[in-house]
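In what follows, a single structure is set out as structure tokens and then discussed.
Residue numbers (the numbering used here), protein chains in the order written: chain A, 953 to 1675; chain B, 2 to 219.
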């Protein structure tokens, strides 16, 4: 039996009718993850599986000749491939090797000889822009240069401003730091079909790439991603790991696993591009932003890098912005959670704050004057309340603590994002005669809770408990779904699931009405029961109804299935958010402690409040880690990345994580939006503004390490002529 | 404690590079020979190079004696994840350098990074992995249940390590204060940002900790 359902009502249940949607539901795959039973790509074990890894180039630019023979001479080293001769960036994979096990693989990797003819490279901006610099970008070392706005008009407007500020904001490259490194297991021993296990954000799409690489028909390649250990934008496609695993499997005619080492991840698994933003911003006496003149540089290695443009979010009457990519001999940036946005936010929110201080205005007030949307106004007021802004002593000018004193400060920043759904995702809901219920789609759960909200939607529609619904995802043979990028997964998939579940419910009731000789319109599914009207005697339906199992037993032997697809009216797009940070600066040591964060985030229809709150808190943890700790450090002289391990690339741990107050700002009547990206945007800026508010030190460069804080403090003290 | 100091005079780092000094090779050879007395070994030792070959040892994991073929250099992490058959893959490899806590296991009740312990050095010790936390009883341990309820699990790759670290702390100090909690979890990295929820779970479990409204719960 298959649902047809053109006339089925698939709208979201009214707010008061929701038993599960929008409530706090523990994630359905939590127990598997907590007990070690969840199988990630790196946990896949197959008979005769070979262990492979890529070989990173030891040089940032030049020609290489790879000699695998010494490695292949080692007993237990099974095979290898050479990937190319021209090296364009430090650590570019030049070969891959496979062995019987990981210990022998390391012997093999150590024995590979890479002969290098070094050619020019540039690891830093200064090296790249030097007059005699070697060419490291395909279209020159500076590319994609463009100007928006009228420079002369913007400069004229700036000259007329009551207050102008200027500064150069800089951010180094940040890494995704997925805990599960990029990895693939290709189960192919020759023949016509293959199964590929991939740690991916695109289960469905990657299957086609794998088929192409293996030279097999798309229908004969199954891609599996049951669980994955983080992506954050770096795992959209098959990747060089998947490609190498495919080629090695073809060569060896046995299953091959290729997983990056942690060092590999720091060298060639992508990153969030760095940035340098030179800004002059001016406002009139009332704090209305009137002029912006800016120059933006993106540092995406050999790639373009990301930046959404200036002015960012705030409205400025006249602006002229030049932007370009400055290339270095490092791996290309990839999408990373709101690509380019935290960078733009750091500079813009900092500049806005400086204007407020220059004018002696409350930064909250100045923000509201330059943000049109009422949503921002109410959100800013609410985060101010949550963080205690009204009780704060220094609202219109920074505190000036005595040397060595600890001082508390508060800073603000806002965010926006599109998100929303689009056609492409499908889902199937099945009800079996034995009472089992399942929902399936070729999506993936990045840790965002996709599995759980699928179960929630189906259980809500069928009057079941969340645990009554089994969820099948992470398999390209299931109904197609979208790649998880741009915060679209929930908004694409949940409407398709709701559509399928609504059709399954309608079809089920129609069938039961027929079998029980009852009017369909009077039957309902509630509390795991099929119920008729309370005061009606139906010949075949007892007053207490039928329990779920009894009702399902009335289905035919093949049960019931319904296919659903994306429904535009069940999704919305566009969200706003506001955040506030409270910090304590130790002016003696330059150490900054993040004491508290508050976030008010609008996110459309909430499917699982617990997961949404976790995702927002998680974004804030990532942002504070970005602002306080993270930096790719290169040695331009020696041609090395110095931060290619977790001892030298720090990320936040529990001790650095403060209380984070999260409030969801819901507009009734909206559909699902998705909230992965927006809450990661404003955190760094909010911290920088809070540090300035605490002690007058403006941090123009991340991470906000004690040495930078002390330098900024002494600059501030110098300017003020001592305090 | 650095991995290099596990046994005086023996450097794991040098050993794994196959460039160990004579003292290191001799020390390891002794342990390999000692290991071979208990089981099958085919380890070729020489004074001028690293040891090669495998030996069968028996590890006591989650209360079961498990035979496993390893090389003298094989880490406990790789023995668990890669050499055991069937493998125990709940313990994760993230940095392979003792910096992230994802491979945290219990050795005789004490937390250890399985990537920084040689398998042959884990002989005779009680090894507990995340899979072992539920084996005795059915269902989730209190730590696991609290992490689930507070949503201290997102992608889940760090979760086994956090579960072991937090469980060990609360076993030793059921009333662990906030400072002890953050110290015990200081070596566990999470990228999704479950830290607020993990802390909320820890505070709830620890009678000495402050209650918090964070990280959900109902």
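All C-beta atoms, glycine included, are put in the ideal place defined by N, C-alpha and C.
These numbers come from a predicted model, not from an experiment.
Item	Value
Residue 1228(A) and residue 1122(A) closer than 8 Å at C-beta	yes
Where residue 1534(A) sits in the DSSP three-state scheme	strand
C-beta contact flag for residue 1202(A) and residue 1150(A) at 8 Å	no
Cβ of residue 24(B) within 8 Å of any chain A Cβ	In this predicted model, residue 24(B) has a pLDDT of only 43, less than 50, meaning its place in the structure is not dependable; the value taken from the coordinates is given anyway. So, not an interface residue.
Inter-residue spacing [alpha-carbon to alpha-carbon] between residue 1748(A) and residue 1625(A)	This structure leaves residue 1748(A) out entirely; chain A is present only between 953 and 1675.
Three-state secondary structure assigned by DSSP to residue 162(B)	helix
Buried versus exposed call for residue 1493(A) [16 or more other C-beta atoms within 10 Å across all chains shown]	buried
Enclosing alpha helix (DSSP H) for residue 1266(A) [first to last residue]	Unbroken run through residue 1266(A): none, as it is neither H nor E.
Within 8 Å, strictly: CB atoms of residue 1514(A) and residue 1380(A)	yes
Partner residues on chain A for residue 100(B), Cβ-Cβ distance less than 9 Å	1214, 1597, 1598 and 1599
Cβ contact check for the segment 1083-1092 of chain A and the segment 1183-1197 of chain A: 3 or more pairs under 8 Å	no
Listed by chain order, chain B residues near residue 985(A) by CB distance under 7 Å	154, 157 and 160
Any chain B beta carbon closer than 8 Å to residue 1000(A)	no
Residue 1629(A), DSSP secondary structure in three states	coil
Residues that residue 1211(A) bridges to, as DSSP identifies them	1135(A)
Min CB distance residue 63(B) to chain A below 8 Å	no
Proximal chain D residues relative to residue 169(B), where beta-carbon distance stays under 8 Å	No chain D appears in the structure shown, which is made up of the protein chains A and B.
Neighbour list for residue 1553(A) in chain B, Cβ cutoff strictly below 7 Å	In chain order: nothing, as chain B lies at least about 14 Å away.
Continuous beta strand (DSSP E) stretch holding residue 1235(A): start and end	1226-1235
Cβ-based burial, residue 1143(A) [other Cβ within 10 Å; buried from 16]	exposed
Any C-beta of chain B under 8 Å from that of residue 1504(A)	no
Buried versus exposed, by CB contacts within 10 Å (16 or more), residue 936(A)	The structure shown does not extend to residue 936(A), since chain A spans only 953 to 1675, so no value can be given for it.
8 Å Cβ cutoff, residue 200(B) in contact with chain A	yes
The segment 1640-1657 of chain A / the segment 1349-1360 of chain A touching (three or more Cβ pairs under 8 Å)	yes
Complete runs of the beta strand (DSSP E) confined to the segment 1389-1453 of chain A [at least 3 residues]	1389-1392 and 1421-1424
Element boundaries [alpha helix (DSSP H), containing residue 1339(A)]	1326-1339
Option nearest residue 1276(A) by Cα separation, candidates 961(A), 979(A), 1095(A) and 1035(A)	1095(A)
At least 3 beta-carbon pairs within less than 8 Å: the segment 1575-1584 of chain A vs the segment 1506-1513 of chain A	no
For residue 1622(A) and residue 1274(A), the rounded distance between their alpha carbons	37 Å
Simplified DSSP assignment, three categories, for residue 1577(A)	helix
Bridge partners - residue 1123(A), DSSP secondary structure assignment	1227(A)
Sequence-distant residues of the same chain with beta carbon closer than 7 Å to residue 1676(A), five excluded per side	Residue 1676(A) lies beyond the range of chain A shown here (953 to 1675); nothing can be said about it.
Bridge partner(s) assigned by DSSP for residue 1549(A)	1533(A) and 1612(A)
Chain A contact residues for residue 129(B), given Cβ-Cβ distances below 8 Å	Those within 8 Å of residue 129(B) in chain A number zero; the least Cβ separation is about 11 Å.
Environment of residue 1367(A) [buried if 16+ CB atoms lie within 10 Å]	buried
Chain B contacts from the segment 1114-1142 of chain A (Cβ-Cβ distance under 9 Å)	1128, 1129, 1130, 1131, 1132 and 1133
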